[in-house]
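The opening residue of the sequence shown carries number 958 in the working numbering; numbering runs sequentially from there. A virtual CB, placed ideally from N, CA and C, is assigned to each residue, including glycine.
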Amino acid sequence: MNESISAEFPFELKRLSVADAEMAFIDVGEGDPIVFLHGNPTSSYLWRNVIPHVQSLGRCLAPDLIGMGHSSVSPTYCYRFSDHAKYLDSWFEQLSLRKKVILVVHDWGAALGFDWAARFPASVEGIVYMEAMVRPRMWTDMPPERQAVFKRLRGSDGIKMVLEDNFFVEKMLFEHGVIRNLSDEEKDIYRRPFKEPGVSRLPTLLWPREIVFDGEPPDVYARVKRYSDWLSTSLDVPKLFINAEEGHGTAGAAREFCRTWPNQKEISLKARHYVPEDCPHEIGEALAEFVRTIRN
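Okay, structure coming up:
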């Protein structure tokens, strides 16, 4: 596919009060909803080249998680998984997104989307996912060098790595997360919410501390186990697994595990972790076919 990958964000963002914060989101197109959920440290900007492929096929919505993108910060610095889930629940509820929802999810957006789907299964028409936490993890699932990085992030070293050095933006996204070289314009947009060292970067520090390893944190483990069990038996929910050939979010044993999920198709793309930055048009075309198949 030879389509260019644009830095332009061709959408106007809407805003909605959710609990004690305000969520910014894309809302284009008409019809049954297609909801796009991003992860760490991105925003709805991740989907800018994907959504145009399907905005004629439904109402496309993509929120910025609280403390990220153009959404407001949490006034009480509440950025745990459960906090993001509560904010998203309010967003779904206020927008009456309660039937025929197709979820398109990546990274922590996948975990949040899976969690929502497992709690509201009657609302879900289909799920498209990539680089996702598909089940609780063990430290031994990771190669030793990645283990070392994530253990540092969960300890005192993580404060300097993230709050001072902006590790998730500068290293995980820009240096290691995309095969192609992001433009200066793209980098500036991803840096914007986290430009100031300190608390502005707190959401990107708390996310890696929520990853379930060896049963910890226990509350997140319970939610991931629940949605993983549900997805393993979700016969009536069509799924599309987008496999990133050079990714790490759904690799190795996790990849083989989610390949056992029922009612699922799979495509593989030459991409690293931030798949929509490497292959947005391939995702968009596969998503359009998925939506047409389900809704026709």
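Going by C-alpha to C-alpha distance, which of the options sits closest to residue i?
{"i": "His1205", "options": "Thr1033, Val1248, Pro1219, Tyr1231", "result": "Tyr1231"}
{"i": "Leu1219", "options": "Ala1211, Lys1196, Glu1239, Pro1233", "result": "It should be noted that the sequence gives Pro, not Leu, for residue 1219. Of the candidates Ala1211, Lys1196, Glu1239, Pro1233, the one whose C-alpha sits nearest the C-alpha of Pro1219 is Lys1196."}
{"i": "Leu1003", "options": "Pro1154, Val1135, Glu1173, Glu1167", "result": "Val1135"}
{"i": "Leu970", "options": "Gly996, Pro998, Pro1020", "result": "Pro1020"}
{"i": "Ala964", "options": "Phe1247, Arg1166, Pro1233", "result": "Pro1233"}
{"i": "Leu1022", "options": "Val1169, Ile1059, Asp1064, Gln1012", "result": "Asp1064"}
{"i": "Asp1186", "options": "Ile983, Leu1163, Cys1215, Asp1141", "result": "Cys1215"}
{"i": "Glu1284", "options": "Thr999, Glu987, Leu1110", "result": "There is simply no residue 1284 to check, as the chain begins at 958 and stops at 1253 in what is shown."}
{"i": "His1041", "options": "Leu1052, Glu1213, Arg1212, Gly1066", "result": "Gly1066"}
{"i": "Glu960", "options": "Asp1141, Glu1239, Ala1245, Val992", "result": "Glu1239"}
{"i": "Val1030", "options": "Phe1247, Ser1140, Asp977", "result": "Asp977"}
{"i": "Asp1235", "options": "Gly1241, Glu1242, Lys1227", "result": "Lys1227"}
{"i": "Leu1162", "options": "Arg1076, Asn997, Thr1190", "result": "Asn997"}
{"i": "Phe1077", "options": "Met1099, Ala1089, Asp1098, Leu1054", "result": "Leu1054"}
{"i": "Lys1043", "options": "Glu979, Lys1057, Gly1112", "result": "Glu979"}
{"i": "Arg1137", "options": "Gly1026, Ser974, Pro1237", "result": "Pro1237"}
{"i": "Ala1075", "options": "Thr1190, Phe1247, Arg1158", "result": "Thr1190"}
{"i": "Pro1174", "options": "Phe1038, Val975, Val985", "result": "Phe1038"}
{"i": "Asp989", "options": "Met1099, Phe1198, Val1011", "result": "Val1011"}
{"i": "Gly1155", "options": "Leu1045, Lys1057, Glu1121", "result": "Glu1121"}
{"i": "Ile1116", "options": "Val1169, Leu1130, Glu1102, Pro1160", "result": "Pro1160"}
Mapping DSSP to helix, strand and coil, what is residue i?
{"i": "Phe1124", "result": "helix"}
{"i": "Glu1143", "result": "helix"}
{"i": "Cys1215", "result": "helix"}
{"i": "Gln1221", "result": "strand"}
{"i": "Gly1206", "result": "coil"}
{"i": "Arg1199", "result": "In the sequence under discussion, the amino acid at residue 1199 is Ile, which differs from the Arg named in the question. Note: Ile1199 maps to strand in three-state DSSP."}
{"i": "Ile1251", "result": "helix"}
{"i": "Ile1023", "result": "coil"}
{"i": "Asp1176", "result": "helix"}
{"i": "Leu1188", "result": "helix"}
{"i": "Gln1111", "result": "What sits at residue 1111 in the sequence shown is Arg, not Gln. Of the three classes helix, strand and coil, the one that applies to Arg1111 here is coil, per DSSP."}
{"i": "Leu1014", "result": "coil"}
Tell me which residues share the same chain as residue i and place their Cβ nearer than 7 angstroms to its Cβ, disregarding the 5 neighbours each side in the sequence.
{"i": "Phe1124", "result": "Met1118"}
{"i": "Gln1051", "result": "Leu973"}
Whose C-beta lies closer than 6 angstroms to the C-beta of residue i among residues of the same chain, with five residues either side of it excluded?
{"i": "Ile1146", "result": "Tyr1002"}
{"i": "Ser1225", "result": "Asn1200, Glu1202"}
{"i": "Val1062", "result": "Leu994, Gly1070, Tyr1086"}
{"i": "Asp1211", "result": "For the sequence presented, residue 1211 should be read as Ala rather than Asp. Correct list, in chain order: Val1091."}
{"i": "Lys1057", "result": "Asp989, Glu1082"}
Give every residue of the same chain whose Cβ lies closer than 8 angstroms to the Cβ of residue i, excluding the five residues on either side of it in the sequence, and list them in chain order.
{"i": "Asp1193", "result": "Asn1220"}
*Do the region 1005–1019 and the region 1081–1099 meet, that is, are 3 or more Cβ pairs less than 8 angstroms apart?*
With fewer than three CB-CB distances shorter than 8 angstroms, the region 1005–1019 does not count as touching the region 1081–1099.
*For the region 1053–1103, list the alpha helix (DSSP H) runs that are entirely contained and at least 4 residues long, ordered along the chain.*
Listed in chain order, they are 1065–1076.
_Meets three-Cβ-pair contact criterion under 8 angstroms: the region 1146–1164 and the region 1172–1182_ = No: fewer than three Cβ pairs fall under 8 angstroms.
_Three-pair Cβ contact test at 8 angstroms for the region 1030–1040 versus the region 996–1011_ = Proximity of the region 1030–1040 to the region 996–1011 falls short of the contact definition, fewer than three beta-carbon pairs being nearer than 8 angstroms.
_With a threshold of 8 angstroms, are at least 3 pairs of Cβ atoms found where one atom belongs to the region 1070–1079 and the other to the region 1093–1101?_
With a cut-off of 8 angstroms, the region 1093–1101 and the region 1070–1079 do not count as touching, because too few Cβ pairs lie within range.
_Minimum length 3: unbroken beta strand (DSSP E) runs contained in the region 962–1005_ = For the region 962–1005, whole beta strand (DSSP E) runs of length 3 or above, ordered along the chain, are 971–975, 978–985, 990–994.
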